[in-house]
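Working notes for the structure below.
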DNA sequence: CATTTGCAATGACATTTGTCATATCGTGAC
DNA sequence: GTCACGATATGACAAATGTCATTGCAAATG
């Protein structure tokens, strides 16, 4: 019997998924969590075979929780589940050692099959995202990411210059480079694009 | 037997919810859709008692689909389901004549109970959102919404001025007013805030 | 009828943004 | 050792943004 920890912040979706997984002859949901912190705690307590983690959760997201679970519950295999096809997130998931990364637009049978495959020792990652992740190496330099992060946090060019000990012209130049690399026309658009690619 | 149309773009969530609803003795999911357009089409074809519509769907969202279904399938009662607690969206749902507006962070029993209550003729809206909707009247004028929509669609001040047959100064002034009303410091922030409040 | 208020509309002006040319440094290739 | 390249860093300048003062109009209020 495959023992599953399910982490999903939307109760309705959590209930529904748990019910479906319990339907499978060889699976049972033994623990649930509604955020990353709780997921890590439950993983340690219940020692599940599989941790099925939503990526977008409050307090601590699925990616961070995955990293911690893989560290502290070595026999637990981690599968991430998400709405968004973000190659950068999947890249991070792979680098953290996750065993699977699936999108919610798949069918239940696919989820069950993926869980079984992971139990057999396979790693299941969305093929298209695999290619996208390889194709889309993060083009941003460290400083470009620094300034984009500042913009994301609502800082002005002046404030960024102060925080990073740079001149305003330098900050503007990094932002301009980042805007160009993201194929955008404003710093806010560049932030969103970088985030959606998982580069920030 | 309550006949339900379920519209949800994530297949996994759709499958899971349909299974749970089919579990109820008095309910059956007779049709499914993965976007607003398909939801309207399926509502016309299958004539369900209840249309359960996710708000965030591609092509046409649940709110727009709700309006159309209420127009063209008068015996069908519409319940909207969403992740985001946006008073403005619920306001629109009420104004369109929807019979319910629920959040996905509720439990399955609550959903089933809401469906039964709506069948009995009740209207089920999230109490806290009701208060928030009343408290947060949309402060934006028509023109302010016009210019914010333009910004959301990526238009520059010049392009907006042309599209709306206004001068650039006028467009900037409306944007400035909107930014101020949203308590923001940039037009992009104002767009996001207005959207998150359901005012756009 | 006069006044007030909110909306629609405009342009002047200060500030911010984004582009561009430029310089320095470290690293890798030849 | 020289050269090319990418990253880091800077300031000048044109364009865009946001604020502000202002005007006109319609509707509501006294």
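Chains as they are written, first to last, in our numbering: chain A, 1 to 200; chain B, 1001 to 1200. In this text, a Cβ means the ideal position worked out from N, Cα and C, and glycines have one as well. Just so it is clear, the structure is predicted and the values come from calculations on it, not from any experiment.
- Closer than 8 Å to the CB of residue 108 of chain A there is at least one CB belonging to chain B.
- Put simply, the backbone Cα of residue 1078 of chain B is about 6 Å away from that of residue 1050 of chain B.
- For residue 152 of chain A, no beta strand (DSSP E) run applies; the uninterrupted alpha helix (DSSP H) run containing it begins and ends at 142-152, by DSSP.
- At a Cβ-Cβ threshold of 8 Å, residue 129 of chain A and residue 87 of chain A count as neighbours.
- Within its own chain, the residues whose Cβ lies closer than 8 Å to the Cβ of residue 1195 of chain B, once the five positions on either side in sequence are excluded, are 1152, listed in chain order.
- Between residue 1029 of chain B and residue 1004 of chain B, the C-beta spacing is below 8 Å.
- About 16 Å separates the CB atoms of residue 61 of chain A and residue 97 of chain A; that is not less than 8 Å, and the two are not in contact.
- A direct Cα-Cα distance of roughly 30 Å separates residue 1010 of chain B from residue 1131 of chain B.
- Uninterrupted alpha helix (DSSP H) stretches at least 4 residues long and entirely within the stretch 63-97 of chain A occur at 87-96, given in chain order.
- Counted as a single uninterrupted DSSP element, the beta strand (DSSP E) harbouring residue 28 of chain A occupies residues 27-33.
- The beta carbons of residue 1085 of chain B and residue 1103 of chain B sit closer together than 8 Å.
- Sixteen is the threshold: when 16 or more other Cβ atoms of the shown chains lie within 10 Å of the Cβ of residue 157 of chain A, as they do, the residue is buried.
- Under the criterion of beta carbons closer than 8 Å, residue 1178 of chain B and residue 1137 of chain B do not qualify as touching, at roughly 15 Å.
- Annotation: the continuous alpha helix (DSSP H) that includes residue 15 of chain A extends over 11-23.
- For residue 1146 of chain B, the closest Cβ of chain A is not nearer than 8 Å.
- Interface with chain B (8 Å Cβ-Cβ cutoff): residue 158 of chain A is excluded.
- Chain-ordered listing is empty here: chain B has no CB closer than 8 Å to the CB of residue 60 of chain A, the nearest sitting near 17 Å.
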